[in-house]
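Note sheet for the following structure.
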Amino acid sequence: MLLIDCPYCRQGRPEIEFSHAGEAHMERPADPETASDAQWEAFLFHRTNPAGIHFERWYHIHGCGCYFNAVRDTVSEKFILTYKAGEPRPAVSEIEALMVEKEPE
Amino acid sequence: MNSFRTEQGGRLCRDRPLGFTFEGRTLQGFKGDTLASALLANGVCLVGRSYKYHRPRGIMSAGSEEASALVGIDRGEGRFDTSTRATTQELFEGLKAVSQHCWPSLRFDAGALAGLGGPVMSAGFYYKTFMWPESFWERVYEPVLRKLAGLGRAPVATDPDIYSSRYAHCDVLVVGGGPAGLTAALAASEGGAKVILADEQSEIGGDLLSTPEVQIDGQPAWNWLKSTAQTLASRDNVTILTRTTAFGYYQQNFLGLVERLSDHLGAARPGSPRERLWRVRARRVVLATGSIERPLVFSGNDRPGIMLAGAAKTYLKRYGVRVGQRPVVVTAHDSAYASAFELAEAGVEVRTILDQRAHIPAHLSKRADRLGIEILAGHTIARTCGHLRVSAVYAASFDAIKGGRKISCDCVLMSGGWTPSVHLFSQSRGTLKWREDIGAYVPDVYTQNAVSAGACDGDFLLSEALNRGAEAGGLAAGATGFEPGGQNRFGVAGEFPLSAASLEESTHATAAARGKAFVDFQHDVTAGDIEQAVCEGFHSIEHVKRYTTTGMATDQGKTSNLNSLAIASEALGRGAPEVGLTTFRPPYTPTSFGVLAGHSRGKLFEVTRKSPIDSWAEENGAVFEPVGLWRRARYFPRDGEDMHRAVSRECKATRTSIGISDASTLGKIEVVGPDAAEFLNRLYTNTWTKLGVGRCRYGLMLGEDGFIHDDGVVGRLAEGRFHVTTTTGGAAGVFAKMEDYRQTEWPDLDVWLTSISEQWAVIALNGPNVRKLIAPFIEGIDLSKEAFPHMAIREGKIFGVPTRLFRVSFTGELGFEVNVPSAYGLAVWQRLMEAGAEYDIVPYGTEALHVLRAEKGYIIVGQETDGTQTPHDMGMDWAIGRKKPDFIGRRSLGRPDMLVPNRKQLVGLLTTDPAYVLEEGAQVTAENTSAVPARMIGHVTSSYWSETLQRSIALAVVEAGRKRIGGEVYIPMPGTVYPARVAEPVFYDPNGERLNV
Amino acid sequence: MSHFSFPSLLAKAMGANKGWTRQWAKPQPKSRYDVIIVGAGGHGLACAYYLAKEHGITNVAVLEKGWLGGGNTARNTTVIRSNYLYDESARLYEHALGLWEGLSREINYNLMFSQRGVLGLAHTVHDVQILKRHIHANRLNGIDSEWLTPEQAKAFCPPLNISACARYPIVGASLQRRGGVARHDGVAWGFARAASARGVHIIENCAVTAINRGAGGEVTGVETTRGTIGAQKVALSAAAGTSGLMEMAGLKIPIECFTLQALVSEPVAPVFPCVAMSNTVHAYISQSDKGELVIGAGTEQYFSYSQRGPLHSLEHTIAAVCEMFPLFTRLRMLRNWGGSVDVTPDRSPILGLTPVPGLYLNAGWGTGGFKATPGAGHLLAFTVAQNRPHTINAPFSLKRFQTGRLIDEAAAAAVAH
Amino acid sequence: MSEPIETRLKPFNPLADKTLALGGRPDLFLRPEDECARFSLRVPVGALKKAAVAFEGNIPENIGEMSVGTGKSALCLGPDEWLLLAPYRDAQSIIVRFSQLYETAAHSLVDVSYCTLGIKVCGPRARLALNSGCPLDLENMPAGRCTRTVLAKAQIILLKFDDQHYRLEIARSFAPYIWEFLKNAGKIEEH
Ligand SMILES: Cc1cc2nc3c(=O)[nH]c(=O)nc-3n(C[C@H](O)[C@H](O)[C@H](O)COP(=O)(O)OP(=O)(O)OC[C@H]3O[C@@H](n4cnc5c(N)ncnc54)[C@H](O)[C@@H]3O)c2cc1C
Ligand SMILES: NC(=O)c1ccc[n+]([C@@H]2O[C@H](COP(=O)([O-])OP(=O)(O)OC[C@H]3O[C@@H](n4cnc5c(N)ncnc54)[C@H](O)[C@@H]3O)[C@@H](O)[C@H]2O)c1
Ligand SMILES: Cc1cc2nc3c(=O)[nH]c(=O)nc-3n(C[C@H](O)[C@H](O)[C@H](O)COP(=O)(O)O)c2cc1C
Ligand SMILES: [Zn+2]
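So the sequences go chain by chain: X, P, E and Y.
For the first sequence, our numbering assigns the number 167 to the initial residue and increments by one for each residue that follows.
For the second sequence, our numbering assigns the number 2 to the initial residue and increments by one for each residue that follows.
For the third sequence, our numbering assigns the number 918 to the initial residue and increments by one for each residue that follows.
For the fourth sequence, our numbering assigns the number 503 to the initial residue and increments by one for each residue that follows.
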């Protein structure tokens, strides 16, 4: 069971309090009607699905009730960082620095 | 006493004799024995039969690594445990053990004939045959193969035991209670850190339990052990769990442990659990899981009486059992000498040690000399003799392996060195490195907050284990913010010394291996099988495993994996590190389903949500159906009615007078804030801005894919306050979705959501007399048609209870939905029933509800729709706010396939035979034919007998259905094709006159 | 390739099993092939076999980053059935089922294909509607599928608990008698051997790291950990590796990978004669010929390539199994593992052309592609050889995600009201 | 406790009359909490002070904090979410005062008095019984804190007064399940 740091609760909390909410930073077109079929397809369905660093959303459904973002390695399943919804996508350098820091002693 | 049991010593309670039976024979052991030690003490050597060849097998080890001595333990009705390792089963009074996988008896097993076909049953043989004639596979070969397989006995009765589980947290979890684990726990707990120490055995001590001869800090080992155990037990911050196996190491230091509470007692006390699951989240983990001795691979190495040398010492020292009278020792490692010497000193006639190594450390040969033991250096066993027990071995040097000198014996003690138990470390996804000197893998890179100490880290000396354990425990405490303990060093005296290069020769004798030299004892995988697999091109160790099934038995290769690796690596001509190991997976030892199910059995398997009015329904004979987590009354049969009759009666009453039903399970959300209307505008297809206060409207919600996701009625209570209802099953999902958009898409909107599903009990009243019924009890609401029209909401009181009264209808009759605080739902219902008696009020369930709404053509999301229907498909274009620039799913409605003319559309079906009720799920065709394959153009989504219309009605989704209205379609059922007329989906009161009264 | 038979086994046995030869060759990669297949799972290997057998294309390499058959082919619960709802899916899976029947003999490898019947359990009124809808659609598609009462289901599967007071009572079941199981590893090895015998190169430990393109954007070959390999046609059959490979071709696709767990019990004598699955409580179960109960679960909630799942979902699966089959509480779990399944939004596969000329895609089989192995390979071979989809796989194009013409088997099976 | 609603109708509580006392002292004691009015308050933190005035009680600012008064309590469950508990007799005035507040500070106050039921869980074995199904580290959870979390298969709101005194708030339809679960776990852990 994952231990997830909710950026609102500021606490590591067990996975069963959360539900996963898909890839993060998938921007909904401001005016969907002007999006082409291909753009809309991309919004609906195209996903990064990387084996490695992934930006994703979680919902602290049995906790504070907030949606937030996380950077997680999909191979090791380790969380590198969590941040509030609406905050910008963290820079690669920041993520890399954190990855080093998070190595077990 | 017989000659196998020593006169004294061991950790037995010799004043507590225990009677038990094996194969129906009554035997005796002592408290403190395992089944294995007790059997050995009784001279029983033959314990089981192997999987494939049904070879006689004995006891090979003294721990959970046992691959051979598997038995059934019969604890009474429903409590039969199959494939239990005799080496871990503690003895209790009356224990009943039976052998398995043999017929007619353990001694004379017909299955052993299979052994004669041995060579044909080489690796992967079943892939290569049983294909002719074709029909034989299913009819003959497979049934026979299945019969032969299976090892354990299949369960026949239900388990009466209960199981428990809990979550626990600690600063430091120490797995393994041997010397390393003990000192780790001591050091970790010294400064106050919360420590859990778990060991799978009946008492802590690990290898120390087998080495009373050594001294630690000047005390005899067992005294040290006792005082250490006392110290630990006296610390409030330490929890010691014995008989507790850490079976799985999951993400972020989350481990699963199983504590066995009663298997050592026979049956559990009534009401108390048999096993407990510990789900432990530890800030730091110390792995002190020790090591497992490796067998040697020589021809006939599986005969009963052949066992690991370390196990023989354990039986002697811990259990007071001499495993034989005349052992032969065969080894590639110093440690076997310890066993040999101790046995010799205990009066056992140890005459010969065959050492595969060419050079014997001087101190060993000296001591052997003194004890009169002959050492044959550079020798191994060429083959063995004996049927149900080993009777002799042929000792040979490597270059003259064919011949050899016959040495008679009654047991063989073997040692191929020690394998660190890195199972949990590997499960934690740490990576391993190869250590040539010990011929094994040890932990290298950690990916979790863990550390290994002692034999599992490749340190085989007691002094090392003690000191490295203390160090690890201290570090772990320090890392969790406590004063690190464990500064002191432990002094050990009398320890059996290991020479530096104790494993210079290969640990196995593949070159020597002829005939059946077993690697995996349970699955009967031989060295030859592995060589053959390599020969056939199975070069990856993962292929070797799967092709030969080595390491796939119930012991998961604890004793065999490294030997397979060594043999494969030799056959491949590649170094062991290059060949690698197979993946370690949970569980460390087999773990019962019961303990993993834990509390989640029977009523507690899943929540059953009940409405506030459920008890009335139950008392009044309702038949229930599960809907999501809820149970809902489906119908209320009266004296002997079947569902059909009850539903017809319920429908009729509703159409003619009053039906009452419990709609409390509907999801309800209160949407509040200045931007509430705008928020709903964006969520639903409908427009909300213009909905007046006090009015309500049917709302349709799509997914972004444009398909119908949910629906419900929304009432506007105030400018900035809406009461939204959802489907019963959709409630949680709709709430989550609304929150998602509110928080992440439109955080600028001032609006908040509160689930009020459970705040309100909902009583739906339908029928022409409803107004009359409630009028006397309503306060503060003008019920007249003019003041309170259809699709309106009012707040007031009913029977003095505050209510949100909706004038809505899902039946087409005059309808009110009475929302009252859920605590009052039952009482209000009861009063309505009393008052309604005058009108012959009838309670109806979900089934009648479905019929009534189908008569009106109202859809049920999830029944008419399945997540692939647009509003247009359902004929619900009217629900779409055309002028809105956007709402969830709007864009998707413009995708090409949403616009094609032949999409499936909701229609009504009227069977030509009005008495025939179509089956829901039946398929619709355009041609009147029963030919197969047929082209299907749709299916029946709902179908009922309509008591009101005195005929059957159905709803269906049919390709270009609306164009077909008036035409005929066909419903081919087995044997008959039923024609039906396509109709408008509204069968009753199409103009809604009954509603607006 | 030496022919396998009982006499040949016997002959080898007389020779102390020394005379065995490689089941598939281990060639060095050539610099060019006519077709490269990426991924030596069951699908990729089957594709190679059918390319050679049915289209005469033998200058083919199957590139595998690890050991062949080590992906989801190695870790699935081996349920085979074809009773899918939609015509498109029914045709696809029935095509595969047809190939399974007789395959062992065709490729001279006993795949232990066992048509012991697959039960789909219904616990609610809604389940009944869904399963009946399937049964009728199957029947009219010519696929065997029938309805059983709880008593009939119990007769077919004696350990089933049909007590009406169960938390999820059994109210009926669908049955496809021709459904069953097969030996997963054997499928990979059998196809590898058969393809190799026809000249296909199977190259293990060879990960594809880039897809090379020509001036017109067309495929020219691949970069691998064992060097550059050229080909005008590259077929991806890489399951969980697909998103990464498509990204190499500059394309994002509608696939996400989730962990799916499975487990086996200790082996016991035959006690479970068929396959049983329950969508409502998310568990499926059968017993292997060796005696283990083979149990599968639902997918985990988050994306993962870790091939392991959390304990709590395992607990749930086992609780569900104990609920439906209370006899099994004292059995023990022997091993638990995970796979990473490639899931599409409509839970149907993608099998066809891609926007890149010369690049073909077979992916998105998610939790259910083992049963399709010969069929998927067969159709992919056709698509590659003819440079156009076969009518059976034409509906399973990438295009459908844009037009909205999804084949939503998942929606058809779920959504409670 | 004053009758919440002026009526002769009897409110229904699925846990009514239940108590459970296990062990001597007792070690585990379960009882439904007295009924009270409950409100879900959603308000931007900026307007919290005003909300406290309307509530006539303290409202803590940070997630997990609670202020337990003699009559009124306020639990901070989310960044802008509070659960307010108050005697029934105060309910009407709270509603009125908040509706006045709405004019100057938009917020959401929703009556959820009947959404949940309270269960008192206390005794030396309380934590153990809870941890049979609750994955949180209850031992290290500071006294005087609250949180939404899960217990077995249900969502709960958990209030910790001290190591031996807890209160659970559980959706009504889940309450009997939770009761059964705690009873079962409590009994099993007796051994
Ligand atoms: C636990 C579990 C249970 C399942 N149960 C069932 C079931 O009961 N019935 C059923 O029908 N299906 C089931 N499935 C699904 C089924 O296993 C898969 O759909 C099917 O096996 C896929 O086969 P494949 O050949 O496409 O993929 P795989 O066997 O995964 O093969 C893909 C191969 O591609 C290789 N590869 C990936 N990337 C690269 C690269 N860059 N270069 C080179 N090679 C690469 C991989 O190493 C792998 O060997 C289950 C799956 C799991 C995980
Ligand atoms: N003579 C030799 O060559 C030789 C070789 C190896 C080890 N040893 C001896 O072994 C000892 C090593 O000490 P140690 O503490 O490292 O190991 P140990 O073997 O004494 O203790 C390990 C303990 O961990 C338990 N364990 C293992 N896996 C477990 C799991 N998953 N869950 C719960 N319990 C588990 C074992 O039952 C055992 O009690 C020393 O006394 C050393 O001398 C000697
Ligand atoms: C149908 C099936 C049956 C299996 N039976 C066994 C078994 O009897 N013993 C065993 O150890 N593993 C068994 N496994 C699991 C494999 O050992 C292995 O865990 C799986 O192939 C995944 O590979 P990995 O664990 O190496 O990642 C079985 C797997 C499958 C798919
Ligand atoms: Zn949170």
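Each residue gets a CB set at the ideal place from its N, CA and C atoms; glycine is no exception.
Small disclaimer: the values here were computed from a predicted structure and weren't measured.
Inset, instruction - Please check the pair E:Arg-1322 and P:Asp-898, which I expect to be a contact at CB under 8 Å, by giving their CB distance rounded to whole angstroms. - result: Residue mapping note: residue 1322 of chain E aligns to position 405 of the third sequence, counting from 1. Residue mapping note: residue 898 of chain P aligns to position 897 of the second sequence, counting from 1. Right, the Cβ-Cβ distance comes to about 4 Å (below 8 Å), so this counts as a contact.
Legend entry - Proximity winner among E:Gln-1224, E:Ser-1230, E:Tyr-1085, relative to P:Ala-598 (alpha-carbon distances): If you number the second sequence from 1, residue 598 of chain P lands on position 597. Ranking E:Gln-1224, E:Ser-1230, E:Tyr-1085 by Cα distance to P:Ala-598 puts E:Ser-1230 first.
Inset, instruction - Could you tell me if Y:Ala-631 is buried or exposed, where buried requires 16 or more neighbouring beta carbons within 10 angstroms of its beta carbon? - result: Translated into the one-based positions of the fourth sequence, residue 631 of chain Y becomes position 129. Y:Ala-631 should be labelled buried.
Legend entry - Same chain only: Cβ atoms within 7 Å of X:Ile-182, ignoring 5 sequence neighbours per side: The residue given as residue 182 of chain X occupies position 16 in the first sequence. Its chain contains Met-167 as the residues whose beta carbon lies nearer than 7 Å to that of X:Ile-182, once the 5 sequence neighbours on both sides are disregarded; these appear in chain order.
Inset, instruction - Check whether the Cβ of E:Trp-1106 sits closer than 6 Å to any heavy atom of ligand 1, and report yes or no. - result: The residue you call residue 1106 of chain E lines up with position 189 of the third sequence. No.
Inset, instruction - Using beta-carbon positions only, say whether P:Pro-305 and P:Pro-57 come within less than 7 Å of one another. - result: Along the second sequence, read from residue 1 onward, the residue named residue 305 of chain P stands at position 304. Along the second sequence, read from residue 1 onward, the residue named residue 57 of chain P stands at position 56. Cβ distance < 7 Å, so P:Pro-305 and P:Pro-57 count as in contact.
Legend entry - Counted within 10 angstroms of its Cβ, other Cβ atoms place X:Arg-255 as buried (16 or more) or exposed: In the first sequence, the residue the question calls residue 255 of chain X occupies position 89. Burial state of X:Arg-255 is exposed, judged by a 10 Å Cβ sphere holding fewer than 16 other Cβ atoms.
Inset, instruction - Please confirm if Y:Ala-631 has its CB atom under 7 Å from at least one CB of chain P. - result: Translated into the one-based positions of the fourth sequence, residue 631 of chain Y becomes position 129. It does not: the Cβ of Y:Ala-631 has no partner Cβ on chain P nearer than 7 Å.
Legend entry - Cutoff 7 Å: Y:Ser-601 Cβ touching any chain P Cβ: Translated into positions along the fourth sequence, residue 601 of chain Y becomes position 99. Answer no: the Cβ-Cβ gap between Y:Ser-601 and chain P never drops below 7 Å.
Inset, instruction - Compare the C-beta of P:Thr-727 against all C-beta atoms of chain X and say whether one is closer than 7 Å. - result: Position 726 of the second sequence, counted from the first residue, corresponds to residue 727 of chain P. No, P:Thr-727 lies away from the interface with chain X (no Cβ there is under 7 Å from its Cβ).
Legend entry - Assigned secondary structure, P:Ala-510 (DSSP; H/G/I helix, E/B strand, else coil): For the purposes of this step, residue 510 of chain P is identified with residue 509 of the second sequence, where counting begins at 1. Any reading at P:Ala-510 must be qualified, since the residue scores a pLDDT of 49, below 50, and its modelled position is unreliable; the value itself is stated next. In this structure, P:Ala-510 counts as coil in the three-state DSSP scheme.
Legend entry - Cβ pair P:Arg-952, P:Pro-915 closer than 7 Å: Your numbering for residue 952 of chain P matches position 951 in the second sequence. Your numbering for residue 915 of chain P matches position 914 in the second sequence. Taking 7 Å as the Cβ cut-off, P:Arg-952 and P:Pro-915 qualify as a contacting pair.
Legend entry - Contact test: X:His-226 Cβ vs ligand 4 heavy atom, cutoff 6 Å: The count along the first sequence starts at 1 and reaches residue 226 of chain X at position 60. For X:His-226, the distance from the CB to the nearest heavy atom of ligand 4 is below 6 Å.
Inset, instruction - May I ask whether a heavy atom of ligand 2 can be found less than 6 Å away from the beta carbon of E:Gly-1015? - result: Here residue 1015 of chain E refers to the residue found at position 98 when the third sequence is read from its first residue. Not so, every heavy atom of ligand 2 lies at least 6 Å from the Cβ.
Inset, instruction - Starting from P:Trp-753, follow the beta strand (DSSP E) in both directions and report where the run begins and ends. - result: Within the second sequence, numbered from 1, the residue matching residue 753 of chain P stands at position 752. Segment 753 to 756, the beta strand (DSSP E) holding P:Trp-753.
Legend entry - Straight-line Cα distance separating P:Phe-342 from P:Ala-512: Walking along the second sequence from the start, residue 512 of chain P turns up at place 511. Walking along the second sequence from the start, residue 342 of chain P turns up at place 341. Because the pLDDT at P:Ala-512 is just 48, under 50, the model does not fix this residue reliably, and the value given afterwards should be weighed accordingly. So the two alpha carbons sit approximately 29 Å from each other.
Legend entry - Beta-carbon proximity list for E:Thr-975, same chain, < 6 Å, skipping 5 on both sides: Along the third sequence, one-based indexing puts residue 975 of chain E at 58. Non-local C-beta neighbours of E:Thr-975 in its own chain, meaning closer than 6 Å and more than five positions away in sequence, comprise Ala-969, Arg-1115, Gly-1116, ordered along the chain.
Legend entry - Neighbouring residues, chain P, relative to E:His-1040 (Cβ below 8 Å): Position 123 of the third sequence, counted from the start, is the residue given in the question as residue 1040 of chain E. Correct list: Pro-627.
Legend entry - Through-space distance from P:Ala-454 to P:Ala-502, alpha-carbon basis: Against the second sequence, residue 502 of chain P aligns to sequence position 501. Against the second sequence, residue 454 of chain P aligns to sequence position 453. Caution applies to P:Ala-502, whose pLDDT of 49 falls short of 50 and renders its modelled position unreliable; the model cannot decide the point.
Legend entry - Distance between P:Gly-77 and E:Cys-1074 (C-alpha atoms, nearest Å): Taking the third sequence and counting its residues from 1, one reaches residue 1074 of chain E at position 157. Taking the second sequence and counting its residues from 1, one reaches residue 77 of chain P at position 76. So the alpha carbons of these two residues sit roughly 25 Å apart.
Legend entry - The beta strand (DSSP E) enclosing P:Asp-663, as first and last residue numbers: The residue you call residue 663 of chain P lines up with position 662 of the second sequence. Counting along the chain, the unbroken beta strand (DSSP E) around P:Asp-663 starts and ends at 660 to 663.
Inset, instruction - Sort P:Asn-468, P:Ser-893, P:Gly-474 by Cα distance to P:Gly-492 and report the nearest one. - result: Taking the second sequence and counting its residues from 1, one reaches residue 492 of chain P at position 491. For the residues P:Asn-468, P:Ser-893, P:Gly-474, the minimum Cα distance to P:Gly-492 belongs to P:Asn-468.
Legend entry - Straight-line Cα distance separating P:Arg-371 from P:His-364: As a first step, residue 364 of chain P must be located in the second sequence, where it is residue number 363. As a first step, residue 371 of chain P must be located in the second sequence, where it is residue number 370. Between the alpha carbons of P:His-364 and P:Arg-371 lies a gap of roughly 11 Å.
Inset, instruction - Go through the stretch 758 to 785 of chain P residue by residue and report every complete run of the alpha helix (DSSP H) that reaches 4 residues or more, in order. - result: Runs of the alpha helix (DSSP H) inside the stretch 758 to 785 of chain P: 771 to 775.
Inset, instruction - Reducing DSSP to helix, strand and coil, say where P:Pro-822 ends up. - result: Translated into the one-based positions of the second sequence, residue 822 of chain P becomes position 821. In this structure, P:Pro-822 counts as strand in the three-state DSSP scheme.
Legend entry - Partners in chain Y for X:Ile-170, counting only beta-carbon separations shorter than 7 Å: Reading the first sequence from its first residue, position 4 is the one you call residue 170 of chain X. Neighbours of X:Ile-170 on chain Y: none; closest Cβ ~12 Å, over 7 Å.
Legend entry - Residue ranges of each alpha helix (DSSP H) within the stretch 162 to 239 of chain P, 4 or longer: The alpha helix (DSSP H) runs lying completely inside the stretch 162 to 239 of chain P and spanning 4 residues or more are 180 to 191, 222 to 235, given in chain order.
Legend entry - Exposure label - X:His-212; buried when at least 16 CB within 10 Å: Reading the first sequence from its first residue, position 46 is the one you call residue 212 of chain X. In the assembly as shown, X:His-212 is a buried residue. Its beta-carbon has 16 or more other beta-carbons within 10 Å.
Inset, instruction - Can you grab the Cα-Cα spacing for the pair E:Val-1332 / P:Gly-863, in whole Å? - result: Sequence index remark: in the third sequence, residue 1332 of chain E carries index 415 (1-based). Sequence index remark: in the second sequence, residue 863 of chain P carries index 862 (1-based). Confidence at E:Val-1332 is low in this model, with a pLDDT of 37, below 50, so its placement is unreliable and the value that follows should be read with caution. E:Val-1332 and P:Gly-863 have their alpha carbons spaced roughly 6 Å apart.
Inset, instruction - Tell me whether the beta-carbon of E:Leu-1028 lies closer than 7 Å to the beta-carbon of E:Ser-1021. - result: For the purposes of this step, residue 1028 of chain E is taken as residue 111 along the third sequence, with counting starting at 1. For the purposes of this step, residue 1021 of chain E is taken as residue 104 along the third sequence, with counting starting at 1. Result yes, Cβ atoms of E:Leu-1028 and E:Ser-1021 sit closer than 7 Å.
Inset, instruction - Can you tell me which of the three DSSP states P:Phe-723 falls into? - result: Translated into the one-based positions of the second sequence, residue 723 of chain P becomes position 722. Shown here, P:Phe-723 sits in a strand according to DSSP, grouped into three states.
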